[in-house]
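In the numbering used here, the protein residues as written are 1091 to 1182. Think of the CB as a built atom: it goes at the ideal place given N, C-alpha and C, for glycine as much as any other residue.
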C-alpha cells in the first residue's frame, strides 16, 4: 500500500504526461523534504507528469486535514487541485 500519512494512501492514474495523483483517507499528510535528506514525496519521480491532484473522502472518515510540506514540489504541469472541505492546513 502506498502511504503518504498514517491514515492516508496515494495512487497515480493515467499515463504519459497526463497523470492524476489521488490521495484518500484521513488526517495529516507527511511532510517531505529534498533528496539530500532522503525524504522526497513518493510520487516525485512522476511529479513533472502530474496534471491534477484529487483529495478523496470516502464519506466514512473525517477526511484529510493537512497537506504536507513540498507535497506539490516539481509539479510543473499541475493544472487542477481539488481540495477537501476538511482541509485545515496547506503546507505544500
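- In the displayed model, residue 1129 falls within coil according to three-state DSSP, outside both helix and strand.
- Under the three-state reduction of DSSP output, residue 1136 falls in the helix class.
- Taking a cut-off of 8 Å for Cβ pairs, the segment 1114-1133 and the segment 1147-1166 touch, as three or more such pairs fall below it.
- DSSP, read as helix, strand or coil, puts residue 1152 in coil.
- In the structure shown, residue 1119 falls within a strand segment according to DSSP collapsed to helix, strand and coil.
- Residue 1105 sits in a strand when the DSSP states are folded into three classes.
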